[in-house]
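*Asks:* The structure under discussion is supplied below as structure tokens; questions concerning it will follow.
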Amino acid sequence: MAAPEIFQLAQVPLTCHSFNADRSQVAVSLNSNEAQIFSRSGSEWKPGETLSEHDKMITSIDWAPNTNRIVTCSQDRNAYVWEQKQDPQTGAMVWKPTLVLLRINRAATYVRWSPKEDKFAVASGARAIAICSFDEENNWWVAKQLKKPIRSTVLAIDWHPNNVLLAAGSADMKARVFSAYIKDVDKKPAATVWGEKLPFNTVCGEYGSPSGGWVHSVAFSPSGDFLAFASHDSTITIVNPQIGAQTIRISTLPYVTLVFTSESSLVAAGHDCQPVLFSDSGSGWALAGSLDDITTTKTPIGTRGASAVGRLNNEAFNRFKNADSRGATGPPPIPGSSASTSGAGGELLTVHQNTITSVRAYDGEPGNTTRVSTSGKDGHLVIWDVAVKTGAGGAGVVGLTGRLGGMHLR
């Protein structure tokens with residue numbers, strides 16, 4: 001398995017990230033009201049254009065690969081669709097924003113383009129999800145809201161491959177599947193395991209967090225037949241309405257983001273600072289291992305070249321510094337392992353030094369993702385080799401034997 005590609009994009013948290021189609025550019029929110037576009041130059045990412053229109057922190061970004069449009073949403077309750085247009089004065093291609101009226105009175109929390117890129121969904125703290133489509137006649141984006149039976153902030157959403165169904169995870173401890181069918185935009189969808197008749201705002205499924213935790217992330221499998229969601233009670237639940245649900249309980253800190261890499265494997269990440277792989281070998285879902293192998297991470301960020309011993313370079317000082325800058329009172333343990341996860345100065349041996357905020361598919365195709373990208377509160381963007389192979393009996397794991405072997409499910 002190839003070593004991960006590690007990039008320090010900023011000294012501030014990366015709230016979210018999204019790549020363009022050929023992965024030559026990435027848009028990130030640097031925990032502020034601006035989105036920064038970086039362009040890849042060899043082994044480095046160089047800052048380019050800044051998208052400045054929001055008044056408050058940008059909470060989510062999505063870059064449509066086919067139409068090359070970027071959508072951003074923010075705590076200012078607005079969303080903008082950004083398109084590249086020619087500047088009449090300079091002739092250069094610049095990003096121009098179009099305001100989307102979401103009709104919400106709380107922060108927008110999450111945004112995703114639909115698979116066909118003809119509409120997008122915006123989650124919010126207003127107990128509603130805005131489904132936005134373009135009105136050709138009036139030349140603007142209009143929003144139609146999914147409301148019932150949401151009782152709290154919607155934290156994450158994900159589109160079904162059929163472009164109609166939408167999964168949502170909320171702070172009311174529920175994961176739901178809605179119909180986001182819009183008459184003038186969508187064709188009548190074929191029947192799925194989630195139902196046949198799908199008028200707008202139909203609740204096709206509702207599932208509770210096993211122990212009552214917020215649902216931080218949701219994801220459909222490539223076929224759309226399975227829904228996975230991660231909860232604050234340190235569980236991941238995989239649901240099929242015809243087969244039932246399986247819950248994986250972990251003894252680590254909660255995951256806040258996940259993505260399917262194949263029909264029978266997914267990557268999850270969060271407060272444990274490392275992405276982990278779960279797979280289904282045919283007898284049920286189970287932990288396969290961590291993508292971050294601390295046994296080979298000899299020079300983690302922060303321990304490259306030990307600094308000289310001194311008043312400001314001892315472990316006690318660094319422990320207090322970590323508590324201030326990272327909110328860390330000590331290194332998180334590798335579950336089930338007696339090995340130390342901290343290096344010189346108390347730095348973690350994991351690549352990420354703080355919570356991973358987002359994991360996204362990077363390379364491959366739906367159903368066969370070979371690499372994923374993660375961004376974190378430590379300002380790092382990391383590209384990981386997933387190494388998923390398919391074969392008889394489902395997907396397997398390559399090169400992960402022994403990685404985090406001590407992690408156990410309970």
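Numbering of the sequence shown is given in the UniProt record's numbering, commencing with residue 1 and proceeding in unit increments.
The beta-carbon is built from N, C-alpha and C at its ideal position, and this holds for glycine as well.
1. When the distance is taken between beta carbons, is W63 closer than 9 Å to F7?
2. Would the beta-carbon of residue 427 fall within 9 Å of that of L101?
3. Compute the Euclidean distance between the alpha carbons of L258 and A2, then round it to the nearest angstrom.
4. Would you call the CB atoms of A168 and A219 closer than 9 Å?
5. Have a look at L99, S18, V28 and V276 and flag the residue whose alpha-carbon is nearest the alpha-carbon of T350.
6. Please report how far the alpha carbon of D225 lies from the alpha carbon of I61, in whole angstroms.
7. Could you check if K119 is buried or exposed, using at least 16 other CB atoms within 10 Å of its CB as the buried criterion?
8. I104 CB to nearest chain B CB: under 9 Å?
9. Report all residues from its chain with a CB closer than 8 Å to the CB of N66; omit the five preceding and five following residues, and keep chain order.
10. So V177 and S217 are in contact, right, with Cβ under 8 Å, and what is the actual spacing, rounded?
11. What do you get for E137, buried or exposed, if any count of 16 or more other CB atoms within 10 angstroms of its CB means buried?
12. Taking the C-alpha atoms as reference points, what is the distance between E49 and L30?
13. Is T299 helix, strand or coil when you go by DSSP?
14. Relative to the C-alpha of S152, which residue among T109, K183, Q36 and D172 is closest?
15. Within the same chain, show all residues whose beta-carbon is closer than 6 Å to that of L381, passing over the 5 residues directly before and after it, in chain order.
16. Pop quiz: D184 and G212 are said to be a contact at Cβ under 8 Å. What is the actual Cβ separation, rounded to whole angstroms?
17. Relative to the alpha-carbon of I243, which residue among G42, A121, A107 and L227 has its alpha-carbon at the smallest distance?
18. Pop quiz: Y110 and A156 are said to be a contact at Cβ under 8 Å. What is the actual Cβ separation, rounded to whole angstroms?
19. Nearest CA to the CA of P222: which residue from A268, T237 and A361?
20. Would you report the Cα separation of S251 and W214, rounded to the nearest angstrom?
21. How is the beta strand (DSSP E) around E5 delimited, first residue to last?
22. For W141, which three-state DSSP category applies?
23. Between S43, D292, S74 and V239, which has its C-alpha nearest V267's C-alpha?
24. Please state whether DSSP places A286 in a helix, a strand or coil.
25. Take H54 and list the residues in its own chain whose beta-carbon comes closer than 6 Å to its own, dropping the five residues that flank it on each side.
26. Among I238, A130, E263 and S264, which has the Cα closest to the Cα of F200?
27. Take residue 419 and list the residues in its own chain whose beta-carbon comes closer than 8 Å to its own, dropping the five residues that flank it on each side.
28. What's the C-alpha gap between T235 and N368?
29. Can you tell which of L165, V193, P210 and Q89 has the C-alpha that lies nearest to the C-alpha of I182?
30. How would you write the range of the beta strand (DSSP E) that A21 sits in, first residue to last?
31. Taking C-beta to C-beta, are G125 and V154 nearer than 9 Å?
32. Cα separation between V386 and I37?
33. If we call anything under 9 Å between Cβ atoms a contact, is P115 one with W159?
34. Does T369 come out as helix, strand or coil in the three-state DSSP assignment?
35. I need the straight-line Cα distance from A288 to S264, nearest angstrom please.
36. Can you look up I294 in the DSSP assignment and give me helix, strand or coil?
*Replies:* Straight from the coordinates:
1. no
2. The shown model of the chain, from 1 to 410, leaves out residue 427, and the question about it has no answer.
3. C-alpha separation (whole angstroms): 21 Å.
4. no
5. V276
6. 26 Å
7. When all chains shown are included, K119 counts as buried.
8. Absent here is chain B; the protein component of the structure consists of one chain.
9. For N66, where only same-chain residues beyond five positions count, the Cβ hits under 8 Å are A21 and E117.
10. Contact doesn't hold; Cβ gap of about 15 Å is too wide.
11. exposed
12. 13 Å
13. For T299, the predicted model reports a pLDDT of 43, less than 50, meaning its position is unreliable; a value from the coordinates is still stated below. Three-state result, T299: coil.
14. D172
15. If we look at L381 and ignore the five residues flanking it on each side, its Cβ neighbours are F7, L9 and S375.
16. Contact flag wrong, Cβ pair sits at about 40 Å.
17. L227
18. 5 Å
19. A361
20. Approximately 17 Å between the Cα atoms of the pair.
21. E5 to Q8
22. strand
23. D292
24. Strand at A286.
25. For H54, where only same-chain residues beyond five positions count, the Cβ hits under 6 Å are N33, S74 and D76.
26. A130
27. The chain is shown from 1 up to 410; residue 419 falls before or after that span and cannot be answered.
28. 24 Å
29. L165
30. Per DSSP, A21 belongs to no beta strand (DSSP E) and is neither H nor E.
31. Yes, they are a contact pair.
32. 25 Å
33. yes
34. Here T369 carries a strand assignment [DSSP, helix/strand/coil].
35. One Cα belongs to A288, the other to S264, and the distance between them is close to 11 Å.
36. coil
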